[in-house]
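Colleague: Numbering (our numbering), first residue to last: 3 to 217. No residue lacks a Cβ here, since even glycine has one placed at the ideal position from N, Cα and C. Predicted model only: the values in this text are computed from it and were never measured. Below is one structure. I have some questions about it.
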């Protein structure tokens, strides 16, 4: 009996633990809604004078503010940990809200990213500080924007324009800090995968063709 217990501990438990952690998904079967149906961007436009919409897209939403060039390291962290892995998924977009006047700074950042990344799913939209603060106030978040109308946090928005995160008593998480690569590699990646699992399940339910979403 003792021998069997030792064998179980040595061989079976490690396999179970591996399968659990390899799934890359936290304890949620779905990722809770933090704020339902957040506003769209309206007439805010990109460098190319194009409009961007949250509707029917999985969006990683960020606020670059007025100091985006100073804080460009945060974008490079997000690019490395999340964007490069999933940017070919056609229903995914990365959108950064920046203040008017930072267009030249954004061009510099895009040029730097373009040296080693396909930047086609990076979108930067521009508005005044007042407009950005008003928009952010409608997201129903506990976190606040900085005086530059920016934050190091990014947010997951689903295709129905609902902002998603964790609402358990043990851990509340509405955004993911791009200053910390480990947080992107762990908490954000886990939660982002749940959104992709939900989307894949919806495709299968509707008998649509699917593509491999998770690596």
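Is the stretch 179-194 in contact with the stretch 135-151, if contact means three or more CB pairs nearer than 8 angstroms?
Modeller: The stretch 179-194 vs the stretch 135-151: no contact.
Colleague: Could you pull the start and end residues of the beta strand (DSSP E) that residue 155 belongs to?
Modeller: Here the beta strand (DSSP E) through residue 155 covers 152-159.
Colleague: Taking only runs that begin and end inside the stretch 101-165, name each unbroken alpha helix (DSSP H) of 4 or more residues, in chain order.
Modeller: Segments of the alpha helix (DSSP H) lying fully in the stretch 101-165: 105-116 and 131-139.
Colleague: Answer yes if the stretch 113-121 comes into contact with the stretch 78-86, meaning at least three C-beta pairs across the two stretches below 8 angstroms, and no otherwise.
Modeller: Output reads yes: the stretch 113-121 touches the stretch 78-86.
Colleague: Which residues in the same chain as residue 156 place their Cβ atom closer than 7 angstroms to its Cβ, once the five residues preceding and following it in sequence are excluded?
Modeller: Closer than 7 angstroms at Cβ, skipping near neighbours: 62, 63, 64, 80, 177, 178 and 180.
Colleague: Return the chain-ordered ranges of every alpha helix (DSSP H) run that is complete within the stretch 53-93 and spans a minimum of 4 residues.
Modeller: Counting whole runs of 4 or more residues, the stretch 53-93 contains the alpha helix (DSSP H) stretches 74-80.
Colleague: Short of 8 angstroms in beta carbon distance, which residues of its chain neighbour residue 140, apart from the five on each side in sequence? Order them along the chain.
Modeller: 40 and 41.
Colleague: Using a 10 Å radius around the Cβ and a threshold of 16 neighbouring Cβ atoms, would you call residue 154 buried or exposed?
Modeller: Looking at its Cβ environment, which holds 16 or more other Cβ atoms inside 10 Å, residue 154 is buried.
Colleague: Can you tell me the Cα-Cα spacing of residue 97 and residue 46, whole angstroms?
Modeller: Going from the Cα of residue 97 to the Cα of residue 46 covers about 12 angstroms.
Colleague: In this structure, does DSSP put residue 96 in helix, strand or coil?
Modeller: Three-state DSSP puts residue 96 in a strand.
Colleague: Under a three-way DSSP split, which group does residue 51 fall into?
Modeller: Note: residue 51 maps to coil in three-state DSSP.
Colleague: To the nearest angstrom, report how far apart residue 192 and residue 172 are at their CA atoms.
Modeller: In a straight line, the C-alpha of residue 192 is about 17 angstroms away from that of residue 172.
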